[in-house]
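*Asks:* Following the working numbering, the numbering of the sequence shown begins with 345 at its first residue and continues without gaps.
Just passing along the structure, written as structure tokens.
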Amino acid sequence: MPHFFISSNNANAGALTVNAPETVHHIANVLRVKTGETVKFIDQNEIQYITKITGVSKKEIRAEIIKSEKSTRKLKHNIYLAQSVLKNEAQGLLISNAAQLGIKGVYPFISDYSTAKKTAGIRCEKWQKIADEAFKQCERADKMQVFNALSLNEILSKFKKENIIIFAEKDSNCKIFEAVQDIKDNSEILIVIGPEGGFSDMEFDFFKNRGYKMVSLGNLIFKAPNAVTAGAANVIFALDLKDQISQNKPQRQ
Numbered sequence: 345m346p347h348f349f350i351s352s353n354n355a356n357a358g359a360l361t362v363n364a365p366e367t368v369h370h371i372a373n374v375l376r377v378k379t380g381e382t383v384k385f386i387d388q389n390e391i392q393y394i395t396k397i398t399g400v401s402k403k404e405i406r407a408e409i410i411k412s413e414k415s416t417r418k419l420k421h422n423i424y425l426a427q428s429v430l431k432n433e434a435q436g437l438l439i440s441n442a443a444q445l446g447i448k449g450v451y452p453f454i455s456d457y458s459t460a461k462k463t464a465g466i467r468c469e470k471w472q473k474i475a476d477e478a479f480k481q482c483e484r485a486d487k488m489q490v491f492n493a494l495s496l497n498e499i500l501s502k503f504k505k506e507n508i509i510i511f512a513e514k515d516s517n518c519k520i521f522e523a524v525q526d527i528k529d530n531s532e533i534l535i536v537i538g539p540e541g542g543f544s545d546m547e548f549d550f551f552k553n554r555g556y557k558m559v560s561l562g563n564l565i566f567k568a569p570n571a572v573t574a575g576a577a578n579v580i581f582a583l584d585l586k587d588q589i590s591q592n593k594p595q596r597q
């Protein structure tokens, strides 16, 4: 059962009332939830409510709160994704994959080999709906934001250089575990994924001349949505491993 986003104002004195039309429609008409069934909700403070439905109408859902607790379904690290815009179906899959992996936000951009050639007409609202649907299905504690398309240079300027990891099919200059060593706790991290055709030579020169960390995903060639999954999973694993090693390291006297 997916969970649904609500405001904390919807919960009061052991009961919960939902009147957001889209949420009411999904619960009542799509899932056809009946009185007595269990439904989960989560609010902006990441408090998850397990409820028993007590009333269903066209305009509102009423429920008894059985249990409420802080959700732990989120990453320890703030990881953002910059990705070259893909064709519609592939782009939707990429957004869904990123949301399921716990990515905090996605910055679309136009690269030299992007299928889209200009930011005008890029439908971020549609991608946000895909991200919100994945948020429901995987019961994330926090929503993933899809930002308006920017140039890659504008996106890179928002992050510290040591916190940027570019996944490149050639010219890699470090291993993934090396790439995370100088990333401090609670930092905002950016991973960058190119289009299906990869980055252009001009883009690679740009990365190299400015000293960005470039990491390879290995000898295999991934489709872009799968590259996001592999790349993000590698970064998450490397950061978690780094944390474990740091916690187990003997303290100096």
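For glycine and all other residues, C-beta sits at the position ideal for the given N, C-alpha and C.
1) To the nearest angstrom, how far is the alpha carbon of E513 from that of S544?
2) Classify E366 as helix, strand or coil using the three-state DSSP reduction.
3) Relative to the C-alpha of N354, which residue among A407, D515, D526 and I535 is closest?
4) Using the Cα positions of R467 and I589, report the straight-line distance between them to the nearest angstrom.
5) Of the choices V450, L430, L437 and L419, whose alpha-carbon is the least far from that of A577?
6) Rounded to a whole number of angstroms, what is the C-alpha to C-alpha distance between K528 and I397?
7) With three or more beta-carbon pairs closer than 8 Å as the criterion, would you say the segment 562-582 touches the segment 437-451?
8) Please confirm if the segment 532-540 is in contact with the segment 501-513, defined as three or more CB-CB distances below 8 Å between the two stretches.
9) Restricting to Cα atoms, I'd like to know which of Q591, T382, Q525 and G542 is closest to V579.
10) Could you give the C-beta distance for I447 and L425, rounded to a whole number, given that I count them as a contact under 8 Å?
11) Please report the straight-line C-alpha distance between F521 and D584, rounded to a whole angstrom.
12) Give a yes or no on whether the C-beta atoms belonging to K557 and C518 are separated by under 7 Å.
13) Helix, strand or coil for N530 per DSSP?
14) Expressed to the nearest angstrom, what Euclidean distance is found between the alpha-carbon atoms of I394 and R417?
15) Return the chain-ordered list of same chain residues with a C-beta closer than 7 Å to the C-beta of V377, the five sequence neighbours on each side being excluded.
16) In the DSSP assignment, find the beta strand (DSSP E) that holds L375 and state where it starts and stops.
17) What's the C-alpha gap between R596 and D515?
18) Short check: CB of Y457 to CB of I499, under 7 Å?
19) Under a Cβ-count criterion, where at least 16 other Cβ atoms within 10 Å of its own Cβ denotes burial, should R484 be classed as buried or exposed?
20) In angstroms with no decimal places, state the Cα-to-Cα distance between T367 and K470.
21) Report the residue from Q435, K473 and S501 whose alpha carbon sits nearest the alpha carbon of G538.
22) Mark Q388 as exposed unless 16 or more other C-beta atoms lie within 10 angstroms of its C-beta, in which case mark it buried.
*Replies:* In terms of the structure at hand:
1) 11 Å
2) helix
3) A407
4) 42 Å
5) Of V450, L430, L437 and L419, the residue nearest in Cα terms is L419.
6) 44 Å
7) Contact between the segment 562-582 and the segment 437-451 is present, because at least three Cβ pairs lie under 8 Å.
8) yes
9) Q525
10) 5 Å
11) If you take the alpha carbons of F521 and D584, they lie about 10 Å apart.
12) yes
13) coil
14) 15 Å
15) Counting only Cβ-Cβ distances below 7 Å, and skipping sequence neighbours, we find I371, V383, I397 and V400.
16) Run containing L375: none; DSSP gives neither H nor E here.
17) Only weak support is given to the placement of R596: the predicted model assigns it a pLDDT of 49, under 50, and the value that follows is read from those uncertain coordinates. In a straight line, the C-alpha of R596 is about 38 Å away from that of D515.
18) no
19) So R484 ends up on the buried side.
20) 17 Å
21) Q435
22) Exposed is the call here.
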